[in-house]
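Just so we're aligned, residue 1 is where the sequence shown starts under UniProt numbering, counting upward by one. C-beta atoms are modelled at their ideal positions from N, C-alpha and C, and glycine is treated no differently.
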Amino acid sequence: MARDGASDAGRPRVSKQRVELRVERTRRRLRGRTTLTCEVEGEECAGGIAVRRGGGVRIVAARANGVACETTSIDATKDGFAETASVDDAASLGKDARARLDRECGTSEEVIIRAIGDGKIEARPKDSEGGSGEENGAESGTRGKEIVLEIEYEAESGFFADDSYFLCPGPSRSSSSWFPCIERGDALTTFDFAVNAPRDWQVVASAHWDRVEKCRDSDEGEDEDGFRLIHHFSGMYPTFAHEMRLICGKLSAVSTPIKGVTLFAPAGQGLEERMQTAAVGIGKAIVAYEEYLGHPYPVSCLNVVFLPDALVRERDALGACVNVHSARWLVDPALNSALLDARVHLATAIARQWFGGIVVPADTTDCWVVEGLAQYLAGMYVKNLTGLNELSFTRMKDMRLAAAMDDGASLPPLASRAARIWRGGHYAGPDPFAGGAPKPLSKSVERALQAKAVAVIYMLEKRLGPDVMQKVLKYFAGLHVRRNKKEQATRTGPSNEVLAGNARWIHTLQLFDHCRATVNLGKGEVNSFLERWVYGAGTPKLSVGYVVKRKKNVMEFAVKLEGSAAAAAADRAALAVARNHRSSVTVRMREENRADANDHVVSLGQSSWQLMEIPLQPRPKDRRPKTIIESGGDPELIAAMDCPVRYVRVDPEFEWMGNIEQSARQVGLESMMAQMLEKEKDIVAQIVAVEFLGRRVANGSVSAVLVLDKCLNSEDTFCRVRAEAAMALGKSASEKTQWGSLHALLRHYKKYQCNERTGKPKQNDFRDLAKVIVDKAVITALAHVYDEEAKCTHADAIDAIVNRLKYNNNEGNPQSDDGFVATCLSALARCVPATLGELRAITAQIHYYIRRDSRFPSVDLCVTCAGIRALGLLSNAVESEELCAAAERAAELGFSLGNQSTLLAATDATMYVRFARTKNELESLKFVLERSASESAATQSAMLWSACDYLSTFAGTDSLKGASKDILVPLRDKLASGDSEIASAAYSIVYVLASHDTAMSEIREAVEEAMKRAGDQIPVGVDVHVHPDHAPVDGARRAEKEAKRARKRERERMKQAAREANEAAAAEQRRIDAEAAFVEQQAEHVSDDKTTGTATIIASEGAQNGPDGTPTGGLKRARENNPSVKSFVETDAGATAALADAPPPPAKKLKLSFKMKKPGA
């Protein structure tokens, strides 16, 4: 990356950096001094040292090994983008914005520090305390010299400061914005801090807190901020510069049951009880991780900080030893459903400190590994907290999301530079952009990539097994630990010391190579898996069908592999490197007379579809008379009567990410799915059956309604499955089934939520979380009951939801009803009333609860937010100026409250109203750009992401192609603002506006690159992702080796063919000999009284007589040579004389009839 004057400047590896800061609250200023210990080799830094600093950082003085130095700026990336960038159309603006984002958002510049005049910076031998050998890894032992660089500086921007908080880094998320540093993505540095801050502020840094002391200098000890204290922190383990965090403010602290883990939250807001609840959850998560991995939690000092929403971005800020979350994750214990979500969220952040903070990706293409392992580890806590069923449900949702989003164009491959899912968009490894400002992806893309990462780990677990996967995680979770035979692993012992060596880097191939060595997987299988799911894009889809053939006693199974062009390219690449491995899909079948299910493997081979006959277990024929329904019979019932297969489950082990499609119109499948829903204990199989039955209901099947109704009312079924059954009934309700689905939902609603005597909703009791989940699902499902003919929501469904809110009674309930009321209001937002009376009843309940929330505020004003959004959505569905005016008044209320959640709700409602009035999406965007300009950086980025999600629903339409300068100019200004989150949101909006221009999307470029690489695959099993292009000599050697392998394979094939021919000939000879022996044995038992003088035997067809008339066909001896015949002739002399005198009678032919048995082997 050296440019111009930086061509002879070095960027050495910094082994240790100490940062001394003075926080000036009143002046909103930061003064500091930093000391960098740089390891150099030879003349690496003869031309100076290149250091990065933020735009608001001014270097006052610099010294290198005691030599005074001067600074020269050589990389000013503030290139006047806001004035020079073209705004003619969205496509040209997007291309310019893409180039700017690739220059690290223009948030920092590179300066060269050189000796003044004729001076020279000379490296000196390392001090004993400089660290070498074991502390800084094996590589540091070869570097014997160092340069100690001292820099004094001041900063007036690049951080957030007000009267209550002081946060570093600021909106840019760049470490150079608050202290000069040398950012290298392939080097780890130990950071120490000394922070001089007002005494009434808590100080939290990305290091271990050592001590606090008073200022010794009287001038520094007191100023306009009052008395001051100095907080000293020491680095626990080497890390990156962009992982550093500094948080000062009026915070209250709570300790957790785990030593060294502390929670901080805004003081004076009564959050202590919620912090205690969160501390218990975090402690249980850490204990669960330690028990699963067999290692102590590596972060001996972890600070979990909760801040107001206006100071925290959409994506939580994760730094070294510090987790920064929004205060909304401090949930009241009275909200049981929200408390579960909060605990899972915090546990996932704790896991990301282990995989992602301690074990770091070696390159940007390896970021998916740490993300997938962190979420997999968090799943172990979910399993301990709620059980295996909840974990299976979470895994299924991740796979469904990944399969739905990965269409071959929306998501880049996991192992690509465009998949920035680590630390909010940071690059990793020796990438030229590593360590710079992050470039976050859109929320939907990032969430889908995270889901695909953990889904791939789940698929790997199915191939390895849970026990082997646990061993793999134990191995990688303990690589960073220094082993000490004398002392056991403890939280504070030397064996828990984190190293700076290469053991902390994790590679994609390293993970799969270790898996191969653990369970002896084939190289072809591993390479095929990598090509299809890691290096490729697009999720393949399996379309399957099966039918039972009673006469042949088999089940014919047909499967067809479908998908996008990117998925097809990934499949071709997988076949090219598969060697002897063949892709297959597992079919699990449960037969009628079997106690358990059996699995059958269907090989896909080289073609896109396969047809296979799966034999069934023989069963005795039922000779009882059957009643045939001549007319009016259900074909499903008739097919179920004679079907020996109870149910069939395709891909039960998620080898294809569960992306299976089955036709809902095929006769016979409904009964199988009903059996699977009832008999199968796996909730994923139950949910698959529920979804299929829901499609059957949409086609008019009344029997499917009965099955789903039974599932919904079964208290023995898992609550998530019952909730899915309710949603399936609501979405598929129609006149085809005489509104049977609606009646089923209403029966459940009246039975479980209403008083039997009065028919009105009874008092709330939300202590049972499973019941709450089902009740919420029923309310939401009622809102989905839509009459296609009348183009409105069914009146009975609207009446049920309105009455549930009207007679809501939470007296005596230990749990809060805020979440349930918000769910009901969101359900009303989906309704489309048919009459004015229904509309007035809906709006009356919304206004009532908004007013109630002003007197008795809900948690995070969630009820007000749900009411505001409901009015906005209703104004979109119903053409009413009065309703639009009511929605605007509610939005103004949300803006006036000033809370970030209400601001976002008001923004969404106003966008809906603007579109309802103008029928133009760009007018909604124009309002968001105008309104967000006056908000804080965190709120502004959240509003822009919300607008981006709203516009994504209209992507590619003609209405988005005519963006005017009134919209493009504000977007250009936000791209140049220096805030990474705002710039990324603005760029995403520009990309949506110019979605017809495929050249500006780096995601599509990543997908096209993956497809191009798949087309260049060499079908000999060579790993093209590890080795670079070979020289011509190497190519000739490889070709010669491949020719030798081909000749060897041909020789082995010929030997195998010869062996098979010999075995076939020997088997035929054994058959002939066994047949002849059997015939001879039968001939010996023929009755002798039927024998005459000349016996003639007609043998098997094709027998011939010898020269003497003796039969030579399958018989070995003539009849007259039989001992019994000879004895009879010799003893009966009279008969002999008579035969001699009498004329010879005609020969009597004797036929021998017998059944041949198949000879044994």
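- Item | Closest by C-alpha distance to Ala537, when choosing among Phe529, Ala279 and Gln617 | The shortest C-alpha separation from Ala537 is found at Phe529.
- Run of the alpha helix (DSSP H) containing Phe393, from where it starts to where it stops: Annotation for Phe393: the continuous alpha helix (DSSP H) segment containing it runs Leu388 to Met405.
- Buried versus exposed call for Ser329 [16 or more other C-beta atoms within 10 Å across all chains shown]: The question names Ser, but residue 329 is Trp in the sequence shown. Around the beta carbon of Trp329, 16 or more other beta carbons sit within 10 angstroms, so the residue counts as buried.
- Message: Leu712 and Ala726 - do their beta-carbons sit closer together than 9 Å?
- Response: Cβ atoms of Ala726 and Leu712: closer than 9 Å.
- Task: Take every Cβ of the region 772-788, pair it with every Cβ of the region 293-305, and state whether three or more of those distances are shorter than 8 Å.
- Result: No, the region 772-788 does not touch the region 293-305.
- Taking the Cβ atom as the reference point for each residue, do Ser206 and Glu150 lie within a distance shorter than 9 Å? Between Ser206 and Glu150, the C-beta spacing is not below 9 Å.
- Using the Cα positions of Ala418 and Leu339, report the straight-line distance between them to the nearest angstrom. Cα to Cα, the separation comes out at about 34 Å.
- Where Leu473 and Asp958 are concerned, what is the direct C-alpha to C-alpha distance, given to the nearest angstrom? Here the C-alpha atom of Leu473 lies approximately 50 Å from the C-alpha atom of Asp958.
- Message: Between Ala567 and Arg1004, how many whole angstroms is the CB-CB distance? I'm expecting something under 8 Å.
- Response: Actually they are not in contact, since the Cβ atoms of Ala567 and Arg1004 sit about 15 Å apart, beyond 8 Å.
- Supposed contact pair Val645 and Met589 - C-beta distance, whole angstroms, cut 8 Å: Your pair Met589 and Val645 checks out as a contact, with CB atoms roughly 6 Å apart and the cut at 8 Å.
- Query: In three-state DSSP terms, what is Pro125?
  - Reply: Three-state DSSP puts Pro125 in a strand.
- Message: Which of the three DSSP states is assigned to Tyr912 in this structure?
- Response: In this structure, Tyr912 counts as helix in the three-state DSSP scheme.
- Message: Less than 9 Å between the C-beta atoms of Ile247 and Phe233, yes or no?
- Response: The Cβ-Cβ distance between Ile247 and Phe233 does not fall below 9 Å.
- Message: DSSP three-state label for Glu1101, please.
- Response: In this prediction, Glu1101 scores a pLDDT of 41, lower than 50, which makes its location untrustworthy; no coordinate-derived value is stated.
- Query: By a C-beta neighbour count over all protein chains shown, 10 Å radius and 16 as the cutoff for buried, is Trp609 buried or exposed?
  - Reply: Classification for Trp609: exposed.
- Query: For Thr34, which of Arg63, Val821 and His325 has the nearest alpha-carbon?
  - Reply: Of the listed residues, the one whose Cα sits closest to Thr34 is Arg63.
- Task: Given a cut-off of 9 Å, decide if Ser564 and Arg582 are closer than it, judged by their beta-carbon atoms.
- Result: Taking 9 Å as the cut-off, the beta carbon of Arg582 is found no closer than this to the beta carbon of Ser564.
- If you draw a straight line from the C-alpha of Asp341 to the C-alpha of Ala278, how long is it? Straight-line spacing of the CA atoms in Asp341 and Ala278 works out to 12 Å.
- When Phe512, Gly319, Ala437 and Val481 are compared against Pro298, the one with the closest alpha-carbon: Comparing alpha carbon positions, the residue from Phe512, Gly319, Ala437 and Val481 closest to Pro298 is Val481.
- Message: For a test of the three-state rule: what should DSSP assign to Glu39, helix, strand or coil?
- Response: In the structure shown, Glu39 sits in a strand (DSSP, three-state: E or B).
- Taking only the alpha-carbon atoms, compute the straight-line gap between Pro257 and Val280 and give it to the nearest angstrom. CA-to-CA, the gap between Pro257 and Val280 works out to about 7 Å.
- What first and last residue would you give for the alpha helix (DSSP H) that runs through Arg722? Cys719 to Ser732 is the span of the alpha helix (DSSP H), which, as asked, contains Arg722.
- Quick one: grab the DSSP three-state call for Trp201. Looking at Trp201 - three-state DSSP - the assignment turns out to be coil, as it is neither helix nor strand.
- Query: Is His231 buried or exposed, if buried means 16 or more other CB atoms sit within 10 Å of its CB?
  - Reply: So His231 ends up on the buried side.
- Glu788 by DSSP, collapsed to three states: which one? In the displayed model, Glu788 falls within coil according to three-state DSSP, outside both helix and strand.
- Query: Does the Cβ-Cβ distance between Tyr376 and Ala320 come in under 9 Å?
  - Reply: The criterion of a C-beta distance shorter than 9 Å is not satisfied by Tyr376 and Ala320.
- Any heavy atom of the ligand SAM closer than 8 Å to the Cβ of Thr348? Absence of the ligand SAM is noted for the structure shown, with no ligands found whatsoever.
- Query: Given Asp200, which residues of its chain have a CB within under 8 Å of its CB, disregarding the five upstream and five downstream residues?
  - Reply: Closer than 8 Å at the Cβ level, and outside the excluded window around Asp200, lie Gly226 and Lys250.
- Task: Taking only the alpha-carbon atoms, compute the straight-line gap between Val690 and Leu385 and give it to the nearest angstrom.
- Result: Note on geometry: alpha-carbon atoms of Val690 and Leu385 lie some 26 Å from one another.
- Query: Straight-line CA distance for Pro180 to Arg516?
  - Reply: Looking at the two C-alpha atoms, the distance is approximately 44 Å.
- Query: Within 10 angstroms of its Cβ, does Ala1065 collect 16 or more other Cβ (buried), or is it exposed?
  - Reply: Exposed: under 16 other Cβ atoms inside 10 Å.
- Message: At the level of alpha carbons, what is the spacing between Asn451 and Asp682?
- Response: The sequence shown places Ala at residue 451, not Asn. Ala451 and Asp682 have their C-alpha atoms roughly 21 Å apart.
- Query: Does the pairing of the region 811-819 with the region 792-802 give three or more beta-carbon distances under 8 Å?
  - Reply: Output reads no: the region 792-802 does not touch the region 811-819.
- With 16 other CB atoms within 10 Å as the buried threshold, where does Glu670 fall? Classification for Glu670: buried.
- Would you mind giving the Cβ-Cβ distance between Pro833 and Cys792, rounded to the nearest angstrom? I have them listed as a contact below 8 Å. At roughly 7 Å, the Cβ-Cβ gap stays under 8 Å, so Pro833 and Cys792 are in contact.
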